[in-house]
Amino acid sequence: MVSRVGIPRRTFQGETANGGVGIPNAEQRVMRSSRTNLSYRIMTAIPPGPPPSTGYPVFYVLDGNSVFATVTEAVRVQCRRPEVTGVKAALIVGIGYPTDEPFHPQRYFDYTPEKTAKYTRKPDGTMLPEQGGAAAFLDFIQEELKPVIAREYPVDLTNQTIMGHSLGGLFVLHTLFTRPEYFRTYIAGSPSIHWNREWLDEREKLFTAALDAGSLQKSPGIRALIAMGELENAHPSGNYRMAREMAVRLSKLENRGLSAQWHSFEEEGHVSVLPGLISRGLRFAFRP
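Numbered according to my numbering, the sequence shown spans residues 1473 to 1760.
And the structure:
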């Protein structure tokens, strides 16, 4: 069932609310995946104006409950002057969960490539949810969700982006290294590399070897942006350093089909980095 995306009705003092505040041209539905056997809230937003002859570029956004509206508004406002902003009209697809909370515990399963023995409890001592379902979640996106989007909207199948933050950033890197042909642009914000560091290191080596062999080259090439808030450098996980070093290694693969960049957002932390990451990620995906 498809419904409009909006904010529930609320009455303010001295006023009468006639309805909720909605996001223009946005809808949502719940999809049950046969790959993960879990349900997802799928949010879509069509930009203003007719689609280009090739169809809309598509932005798949993880943690849709927390950032779908921000990404949608960034595109809706900036795509009106692409020659100035560098942002063009795109279809936004938020992948979230059936909850009104910004984050859902299910993300621990969907975004992590494998279970880890090191991170099993939350800061308060309670057990973390099940982990290690990234492969099945990626199958859901590629084999179940993408066909629905392509069937219902005019989209450019050669110009698709995936954006994720924190554990979502880890999942983006997992996808880049294991299934680089699935998307054209990969945006990994504050990736939780420490969660599956050894696993990710090995997949990066295999990915680089495949690029060296020429088996993964594609036109117009793969793009990857890795970014973090400057204040994250103080976190004991070491993710800031590991992400920066990874970006430097990947940037050396320019002549082998991958264009990679690193960016550090001044005076931003793990969560406050999100608005800047979104705007920069959009420009990165649309750069010439």
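We treat Cβ as the ideally placed atom computed from N, Cα and C, and that holds for glycine.
Quantities reported herein were computed from a predicted structural model and do not represent experimental measurements.
Proximity below 8 angstroms, CB of residue i to CB of residue j
i: residue 1529; j: residue 1628; result: yes
i: residue 1664; j: residue 1639; result: yes
i: residue 1559; j: residue 1758; result: yes
i: residue 1736; j: residue 1666; result: no
i: residue 1531; j: residue 1567; result: no
i: residue 1750; j: residue 1542; result: yes
i: residue 1433; j: residue 1548; result: Because the chain in this structure spans residues 1473 to 1760, residue 1433 falls outside the shown range and cannot be described.
i: residue 1582; j: residue 1540; result: no
i: residue 1702; j: residue 1739; result: yes
i: residue 1495; j: residue 1544; result: yes
i: residue 1811; j: residue 1570; result: Nothing about residue 1811 can be reported from this structure: the residues present for the chain run from 1473 to 1760 only.
i: residue 1634; j: residue 1756; result: no
i: residue 1754; j: residue 1561; result: no
i: residue 1676; j: residue 1718; result: yes
Residues near residue i in its chain [Cβ-Cβ closer than 6 angstroms; skip 5 each side]
i: residue 1695; result: 1657, 1731
i: residue 1646; result: 1585, 1606
i: residue 1612; result: 1505, 1507, 1508
Per-residue burial, residue i [other beta carbons within 10 Å of its own, 16 or more giving buried]
i: residue 1668; result: buried
i: residue 1579; result: buried
i: residue 1771; result: Outside the displayed span of the chain (1473 to 1760) sits residue 1771, for which this structure offers no information.
i: residue 1538; result: buried
i: residue 1572; result: exposed
i: residue 1553; result: exposed
i: residue 1693; result: exposed
i: residue 1595; result: exposed
i: residue 1618; result: buried
i: residue 1644; result: buried
i: residue 1760; result: exposed
i: residue 1721; result: exposed
i: residue 1631; result: buried
i: residue 1597; result: exposed
i: residue 1768; result: In the structure as shown, the chain begins at 1473 and stops at 1760. Residue 1768 is therefore absent and cannot be evaluated.
i: residue 1686; result: exposed
Cutoff 8 angstroms: residue i Cβ touching any chain B Cβ
i: residue 1565; result: Absent from the structure is chain B; it holds one protein chain and no more.
Own chain partners of residue i with C-beta closer than 7 angstroms, once the 5 adjacent residues on each side are dropped
i: residue 1704; result: 1662, 1711, 1712, 1741, 1742
i: residue 1671; result: 1585, 1586
i: residue 1557; result: 1550
i: residue 1716; result: 1734
Same chain, Cβ closer than 8 angstroms to residue i, neighbours up to 5 away in sequence not counted
i: residue 1621; result: 1516, 1530, 1563, 1565, 1627
i: residue 1614; result: 1651, 1654
Quick check: the region 1595-1603 against the region 1489-1503, are at least 3 beta-carbon pairs closer than 8 angstroms? No, because fewer than three Cβ pairs between the region 1489-1503 and the region 1595-1603 fall closer than 8 angstroms, the two stretches do not touch.
Measuring CB atoms only, is the region 1663-1681 touching the region 1737-1755, in the sense that at least three cross pairs come out at less than 8 angstroms? no
Mind listing, in chain order, the continuous beta strand (DSSP E) runs of no fewer than 3 residues lying wholly within the region 1524-1606? 1528-1534, 1563-1568
Complete beta strand (DSSP E) runs within the region 1693-1726 (minimum length 3 residues, chain order): 1694-1701
Which ranges does the alpha helix (DSSP H) cover as unbroken runs of at least 4 residues, wholly within the region 1630-1664, from first to last along the chain? 1639-1650
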